[in-house]
Amino acid sequence: MMEAIPLRSTRGGLRSAGLVVLLLAGLALLPRLFAGREASRVGQNAPDFRLSIAANGGEFGGDGASVGLSDLRGRAALLVFWATWCMPCRAEAPVINEVFRRWHDRNVVVLGINTDEPGQGDPRAFALERGLAYPILRDDSAEALHAYDVEALPTLVVVSTLGKIVAIRTGVTGDDEIDRLIRQAL
Amino acid sequence: MIERVGRDQAKVVLWTLGLWGSVQLAGLIFAHSQSGGLAVEAVIAEMGAGYVGIAWSDPEAPIPRWTAIARRAGSGAGLGVAMAALMVVVGLAAHTAIVVAAPAALVTLALGFGLAALGAVRDELLLRGMVLRATRSLPAWGGLLVCGAAAAAARFGLDGVLSLAMAADAARGIAFGALWRRDRGAWMPWGANTAWTWATGPASHGGVIDVRFAAEPVADAPTLALLAIGALAASIWALRDHGPKK
Numbered sequence: 091m092m093e094a095i096p097l098r099s100t101r102g103g104l105r106s107a108g109l110v111v112l113l114l115a116g117l118a119l120l121p122r123l124f125a126g127r128e129a130s131r132v133g134q135n136a137p138d139f140r141l142s143i144a145a146n147g148g149e150f151g152g153d154g155a156s157v158g159l160s161d162l163r164g165r166a167a168l169l170v171f172w173a174t175w176c177m178p179c180r181a182e183a184p185v186i187n188e189v190f191r192r193w194h195d196r197n198v199v200v201l202g203i204n205t206d207e208p209g210q211g212d213p214r215a216f217a218l219e220r221g222l223a224y225p226i227l228r229d230d231s232a233e234a235l236h237a238y239d240v241e242a243l244p245t246l247v248v249v250s251t252l253g254k255i256v257a258i259r260t261g262v263t264g265d266d267e268i269d270r271l272i273r274q275a276l
Numbered sequence: 202m203i204e205r206v207g208r209d210q211a212k213v214v215l216w217t218l219g220l221w222g223s224v225q226l227a228g229l230i231f232a233h234s235q236s237g238g239l240a241v242e243a244v245i246a247e248m249g250a251g252y253v254g255i256a257w258s259d260p261e262a263p264i265p266r267w268t269a270i271a272r273r274a275g276s277g278a279g280l281g282v283a284m285a286a287l288m289v290v291v292g293l294a295a296h297t298a299i300v301v302a303a304p305a306a307l308v309t310l311a312l313g314f315g316l317a318a319l320g321a322v323r324d325e326l327l328l329r330g331m332v333l334r335a336t337r338s339l340p341a342w343g344g345l346l347v348c349g350a351a352a353a354a355a356r357f358g359l360d361g362v363l364s365l366a367m368a369a370d371a372a373r374g375i376a377f378g379a380l381w382r383r384d385r386g387a388w389m390p391w392g393a394n395t396a397w398t399w400a401t402g403p404a405s406h407g408g409v410i411d412v413r414f415a416a417e418p419v420a421d422a423p424t425l426a427l428l429a430i431g432a433l434a435a436s437i438w439a440l441r442d443h444g445p446k447k
């Protein structure tokens with residue numbers, strides 16, 4: 091499959107080298123053509139919201155206090171829209187927890203935004219049961235859900251230190267991809 | 202003969218770039234879903250590479266049994282995990298990493314494995330299989346070097362900046378290219394790539410243990426040195442007695 095075929099002419103060697111250079115240039119440049127065009131909202135200012143804290147609110151004044159995105163200016167933020175009834179969200183929760191553990195002391199805020207209807211689920215109990223350590227906010231009036239046009243769960247929104255949306259991901263996202271997006275946000 | 206080789210090389214290079222552009226477009230269309238995007242990219246790579254004859258096993262050899270395929274992928278996975286473990290050991294010895302106990306997170310491990318496996322299909326077929334085919338007029342070591350350069354170029358395309366991570370990717374590209382030559386197919390390098398990505402990602406980020414690096418895990422000096430040694434060793438292993446058929 092990969093036999094070496096000796097070159098017998100300088101012309102052939104130059105052409106071969108030229109094709110290798112073309113190949114490498116294409117591999118480097120093609121992804122740049124598509125970079126930063128992933129979604130119309132990417133690059134825009136992240137809409138502000140203010141929500142009450144359901145669990146793990148120690149950093150923001152304790153559970154029951156409220157926190158807004160504008161309070162976090164200067165820090166990168168990972169917003170995770172989820173619900174207790176959403177199976178992919180339940181699968182993703184441990185991944186987000188590990189991301190939180192890796193990044194929370196590196197100028198990054200991880201916020202779980204629970205979108206359960208009132209009486210539908212108990213995000214605080216879910217966090218306790220699963221050992222989740224990142225702050226969970228309640229969006230029972232769908233304020234943040236509508237502000238970010240979230241159509242499916244789970245949805246991740248990565249916000250830069252300047253308050254711009256860096257990336258939006260729907261469905262389960264791997265932790266290496268989340269790490270990469272957070273580095274872009276810092 | 203030379204003309205035929207040149208035409209074949211040009212065709213493979215253009216086809217590779219077409220496929221590479223297609224997976225970027227798929228990534229854009231499926232930007233909202235990493236798992237969906239990776240699945241589509243893997244299908245594009247598999248179909249496109251298959252069209253120009255890039256096979257998972259040597260087409261000139263008898264069709265392998267599943268046990269042989271499992272052995273090839275498993276041995277590659279063993280190499281990938283071993284390299285990842287060495288990276289942690291070197292990090293600990295150089296005091297650039299610490300290990301923190303973590304509760305086993307099976308969901309994290311399973312999800313991470315699936316994503317790593319899909320990404321490895323795309324990268325092995327396009328960045329190694331196609332590249333080795335496009336460089337088969339070069340000496341074997343030349344093809345491996347181009348595999349390294351291709352991996353670094355792809356990293357630059359992703360990040361848009363020159364970085365030490367490019368050097369790390371180049372070393373991995375050479376090592377995986379060497380496994381292609383050793384295996385005469387994709388199963389061993391696919392196993393190694395999947396295992397490396399999984400072991401350095403979800404498995405060591407809280408899935409089994411939690412390794413915390415002082416710098417980026419794959420871009421500090423001890424890790425780069427380890428990857429360079431690994432790439433050299435893999436190249437020697439691949440080229441010593443499994444060189445190109447005459």
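Going down the list, the protein sequences come from chains A and B. Going by our numbering, the letters in the first sequence line up with residues 91 to 276, in that order. Going by our numbering, the letters in the second sequence line up with residues 202 to 447, in that order. For glycine and all other residues, C-beta sits at the position ideal for the given N, C-alpha and C.
Interface residues of chain B facing residue i [CB-CB closer than 8 angstroms]
i: ALA232 (chain A); result: The premise fails here: ALA232 (chain A) is roughly 20 angstroms from chain B at the closest Cβ pair, so nothing lies under 8 angstroms.
i: THR205 (chain A); result: Within chain B, no residue comes near THR205 (chain A); the closest Cβ sits about 17 angstroms away, beyond 8 angstroms.
i: ALA181 (chain A); result: VAL308 and LEU312
i: PHE216 (chain A); result: Neighbours of PHE216 (chain A) on chain B: none; closest Cβ ~14 angstroms, over 8 angstroms.
i: GLY202 (chain A); result: Those within 8 angstroms of GLY202 (chain A) in chain B number zero; the least Cβ separation is about 16 angstroms.
DSSP bridge partner residues for residue i (one or two, in chain order)
i: ARG228 (chain A); result: A:SER142 and A:ASN204
i: SER156 (chain A); result: A:SER142
i: THR260 (chain A); result: A:THR245
i: LYS254 (chain A); result: A:ASN135
i: LEU169 (chain A); result: A:LEU201 and A:VAL247
Rounded straight-line distance, which links the Cα of residue j to that of residue i
i: LEU433 (chain B); j: ALA376 (chain B); result: 7 angstroms
i: ASP259 (chain B); j: GLY147 (chain A); result: 58 angstroms
i: ARG273 (chain A); j: LEU310 (chain B); result: 22 angstroms
i: SER142 (chain A); j: ARG272 (chain B); result: 54 angstroms
i: ALA429 (chain B); j: ASP229 (chain A); result: 49 angstroms
i: LYS208 (chain B); j: ALA371 (chain B); result: It should be pointed out that residue 208 (chain B) corresponds to Arg in this sequence rather than to Lys. Near 27 angstroms, if we compare the C-alpha coordinates of ALA371 (chain B) and ARG208 (chain B).
i: PRO208 (chain A); j: ARG180 (chain A); result: 19 angstroms
i: SER236 (chain B); j: ASP265 (chain A); result: 12 angstroms
i: ILE203 (chain A); j: LEU227 (chain A); result: 5 angstroms
i: LEU287 (chain B); j: LEU293 (chain B); result: 10 angstroms
i: PRO178 (chain A); j: ALA318 (chain B); result: 19 angstroms
i: LEU345 (chain B); j: LEU339 (chain B); result: 10 angstroms
i: SER364 (chain B); j: ALA118 (chain A); result: 13 angstroms
i: GLU241 (chain A); j: PHE357 (chain B); result: 33 angstroms
i: ALA435 (chain B); j: ASP138 (chain A); result: 52 angstroms
i: LEU333 (chain B); j: PHE171 (chain A); result: 43 angstroms
i: THR41 (chain A); j: TRP257 (chain B); result: The question about residue 41 (chain A) has no answer here: the residues shown for chain A are numbered 91 through 276.
i: ARG122 (chain A); j: LEU359 (chain B); result: 7 angstroms
i: PRO263 (chain B); j: GLY254 (chain B); result: 16 angstroms
i: LYS447 (chain B); j: VAL300 (chain B); result: Summary for LYS447 (chain B): the model assigns pLDDT 38, below 50, so the residue's position carries little reliability; its value from the coordinates is reported in the next sentence. So the alpha carbons of these two residues sit roughly 49 angstroms apart.
i: GLY330 (chain B); j: ARG383 (chain B); result: 13 angstroms
i: ALA257 (chain A); j: LEU201 (chain A); result: 15 angstroms
i: VAL282 (chain B); j: ALA350 (chain B); result: 23 angstroms
i: GLN225 (chain B); j: ARG337 (chain B); result: 26 angstroms
i: THR297 (chain B); j: VAL412 (chain B); result: 10 angstroms
i: PRO244 (chain A); j: PRO225 (chain A); result: 16 angstroms
i: LEU326 (chain B); j: GLY152 (chain A); result: 51 angstroms
i: MET201 (chain B); j: GLY154 (chain A); result: Missing from the structure shown is residue 201 (chain B); chain B here goes from 202 to 447 and no further.
Proximal residues of chain A, C-beta to C-beta of residue i below 8 angstroms
i: ALA355 (chain B); result: LEU117, ALA118 and PRO121
i: ALA321 (chain B); result: Going along chain A, no residue has its Cβ under 8 angstroms from ALA321 (chain B), so there is no contact; the nearest lies around 13 angstroms.
i: ALA351 (chain B); result: LEU113, LEU114 and LEU117
Under 7 angstroms from the C-beta of residue i: neighbouring residues of chain A
i: SER436 (chain B); result: Those do not exist, as SER436 (chain B) stays about 14 angstroms from chain A at its closest Cβ, beyond 7 angstroms.
i: THR336 (chain B); result: VAL110
i: ALA369 (chain B); result: The contacting residues do not exist; ALA369 (chain B) stays about 14 angstroms from chain A at best.
i: LEU200 (chain B); result: There is simply no residue 200 (chain B) to check, as chain B begins at 202 and stops at 447 in what is shown.
i: LEU428 (chain B); result: Under the 7 angstroms cutoff, chain A gives no residues; its nearest Cβ is about 17 angstroms from LEU428 (chain B).
Chain-ordered neighbours of residue i on chain B, where CB pairs are closer than 7 angstroms
i: ARG169 (chain A); result: Here the sequence assigns Leu to residue 169 (chain A), which means Arg is not the residue at that position. In chain order: nothing, as chain B lies at least about 14 angstroms away.
i: VAL262 (chain A); result: SER236 and LEU312
i: VAL185 (chain A); result: THR309 and LEU312
i: ARG105 (chain A); result: GLY207
Listed by chain order, chain A residues near residue i by CB distance under 9 angstroms
i: PRO390 (chain B); result: Residues of chain A passing the Cβ test: none, with the nearest at roughly 13 angstroms.
i: VAL347 (chain B); result: VAL110, LEU113 and LEU114
i: VAL214 (chain B); result: LEU109, VAL110, LEU112, LEU113 and GLY116
i: THR217 (chain B); result: LEU113, GLY116 and LEU117
i: PRO403 (chain B); result: VAL185, GLU188, GLY264, ASP265 and ASP266
i: ALA432 (chain B); result: Ordered by position in chain A, no residue passes the 9 angstroms Cβ test against ALA432 (chain B), which lies about 18 angstroms from the chain.
Stretch pair the stretch 388–397 of chain B + the stretch 272–279 of chain B: three plus CB contacts closer than 8 angstroms: yes
Ranges of the alpha helix (DSSP H) found wholly within the stretch 288–375 of chain B, counting only runs of at least 4: 307–324, 331–335 and 341–360
Touching by the beta-carbon criterion (3+ pairs, under 8 angstroms), the stretch 251–260 of chain A and the stretch 213–221 of chain A: no
At least 3 beta-carbon pairs within less than 8 angstroms: the stretch 249–262 of chain B vs the stretch 212–224 of chain B: yes
The stretch 233–250 of chain A in contact with the stretch 153–168 of chain A per 3-pair CB rule at 8 angstroms: yes
Inter-stretch contact (C-beta, 8 angstroms, three-pair minimum) for the stretch 396–404 of chain B and the stretch 308–323 of chain B: yes
Segments assigned alpha helix (DSSP H), at least 4 residues, entirely inside the stretch 217–295 of chain B: Runs of the alpha helix (DSSP H) lying entirely within the stretch 217–295 of chain B, each at least 4 residues long, are 235–252 and 267–294 in chain order.
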